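K.L.:
Shown below is the structure under consideration.
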Amino acid sequence: MWEGEAHRVAVLALPGVLPLDLGIPAQAFGTDPHYQVTVCADPSAGPVRSGGFTVSTPAGLEALQDAGTVVVPGYQAPDAPLPAAVLQAIRSAHARGARLVSICTGAFALAAAGLLDGRPATTHWQQTALLRRLYPRIDIRPNRLFVDDGDILTSAGVTAGVDLCLHIIRRDHGAAAANARARALVAPPQRSGGQAQFIERFRPDARGEGLAPVRSWMLGNLARRQTVDELAHRAHMSRRTFIRRFQQETGTSPMAWLTAARIDWARELLETTTAPVEQIARLSGLGSPAAFRAAFHRHVGTSPANYRTTFQRTT
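The working numbering applies: residue -4 is where the sequence shown begins, and numbers increase by one.
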């Protein structure tokens, strides 16, 4: 793809740009002969401060006009309004066919430009609730490392940005080119965008306390079989009323909440014990070892064994 002249990549540094996020596309594409990278910023915003230093950019928003790819790294205060000139430059780049890429909270800039409405996207898991609240028309994929929606690609934080850049190189120039960049970056050559972000827990927080005693009982009895009818009986409600109230308080169904709680407990056991998978499957209430592995992979995006290798705590 893009034979001959190097593909132009404009990296847009917004005020409060996150240093690691800014460095990822510069490092991933900057030394690859297939790409020509320019870091740019809105000159009307003054010096771009990033962490404890100031970023000096060689170009202004005009760099977006002829870039084949525009990357927006994450930035602080993603709910703060962006200048109209910045939003218009992003919209114009998209309208003429540029590929748009965001890392971490850079998705908020694409959303503010109105380009994510009705489309799947992700951001850092700590900011998904804010993104959903500000831009409810986005199809937010909160657990994804990155989302490739063709001409717009979004990723979670830091290392997921590396994954996305390698994915782009793989998409543009094949696996060998991506693997070569991965070796240079000392990064895994490929992590699927479908792999889940390693969030603190999958079980959603409750927005009400009316059914707190029932949820407490559920958490204390994860290993045993639980049914909606039994839980409704404990809540002294009809099945239909219980499901409706549970949804109101947690944003999800009783069984989905229970499965998320079981996945969280299984993750903790994998991190803190050497218990075999068969035992963890039983203790978490996720069924047979095969059923446990399938449920774990569906939620976390990797196997229990790989998760343990990555996160098991040593003392």
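The C-beta atom is built at its ideal place from N, Cα and C for all residues, glycine as well. Given the structure is predicted, the values throughout are model-derived calculations rather than measurements.
If you follow the beta strand (DSSP E) that leucine 7 is in, where does it begin and where does it stop?
P.N.:
Leucine 7 -> beta strand (DSSP E) spans 2 to 7.
K.L.:
Going by DSSP, what residue range makes up the alpha helix (DSSP H) through valine 12?
P.N.:
Unbroken run through valine 12: none, as it is neither H nor E.
K.L.:
Tell me which same chain residues have a C-beta within less than 6 Å of the C-beta of alanine 172, skipping the five on either side of it?
P.N.:
Contacts found: Ile164.
K.L.:
Flag this pair as yes or no: are the beta carbons of phenylalanine 48 and tyrosine 70 separated by less than 9 Å?
P.N.:
No. Outside cutoff.
K.L.:
Skipping 5 residues on each side, what residues in its chain have a beta carbon closer than 7 Å to that of alanine 72?
P.N.:
Result list for alanine 72: Gly11, in chain order.
K.L.:
State yes or no: is the C-beta of proline 14 nearer than 8 Å to some heavy atom of the ligand SAH?
P.N.:
Here there are no bound small molecules, and the ligand SAH is not part of this structure.
K.L.:
Near arginine 303, what residues of its chain come up, given a Cβ to Cβ distance below 7 Å and the 5 sequence neighbours on each side ignored?
P.N.:
Answer for arginine 303: Leu265, listed in chain order.
K.L.:
Tell me the rounded alpha-carbon separation between proline 78 and arginine 136.
P.N.:
For proline 78 and arginine 136, the distance between alpha carbons rounds to 27 Å.
K.L.:
Please go through the segment 13 to 57 and give each complete alpha helix (DSSP H) segment of 4 or more residues, from N-terminal end onward.
P.N.:
DSSP runs (the alpha helix (DSSP H)) wholly in the segment 13 to 57: 14 to 25.
K.L.:
Output yes or no for whether 9 Å exceeds the beta carbon distance between proline 68 and leucine 56.
P.N.:
No, they are not a contact pair.
K.L.:
Would you mind stating whether leucine 213 and leucine 278 have Cβ atoms separated by less than 9 Å?
P.N.:
It should be pointed out that residue 213 corresponds to methionine in this sequence rather than to leucine. Going by C-beta atoms, methionine 213 is not nearer than 9 Å to leucine 278.
K.L.:
Can you tell me whether arginine 139 is helix, strand or coil according to DSSP?
P.N.:
In this structure, arginine 139 counts as strand in the three-state DSSP scheme.
K.L.:
Give the C-beta separation of isoleucine 98 and valine 66 to the nearest angstrom, bearing in mind that I take them to be a contact with Cβ-Cβ under 8 Å.
P.N.:
Contact flag correct, Cβ pair sits at about 7 Å.
K.L.:
Among the residues of its own chain, which have a CB less than 7 Å from the CB of histidine 292, if the five just before and after it don't count?
P.N.:
Counting only Cβ-Cβ distances below 7 Å, and skipping sequence neighbours, we find Ser298.
K.L.:
To which residues does DSSP link leucine 95 through a beta bridge?
P.N.:
Leucine 95 is bridged to Val65, Ile147.
K.L.:
Using the C-alpha atoms, what's the distance from histidine 228 back to alanine 21?
P.N.:
Approximately 58 Å between the Cα atoms of the pair.
K.L.:
What is the residue span of the alpha helix (DSSP H) that asparagine 301 lies within?
P.N.:
Asparagine 301 -> alpha helix (DSSP H) spans 299 to 306.
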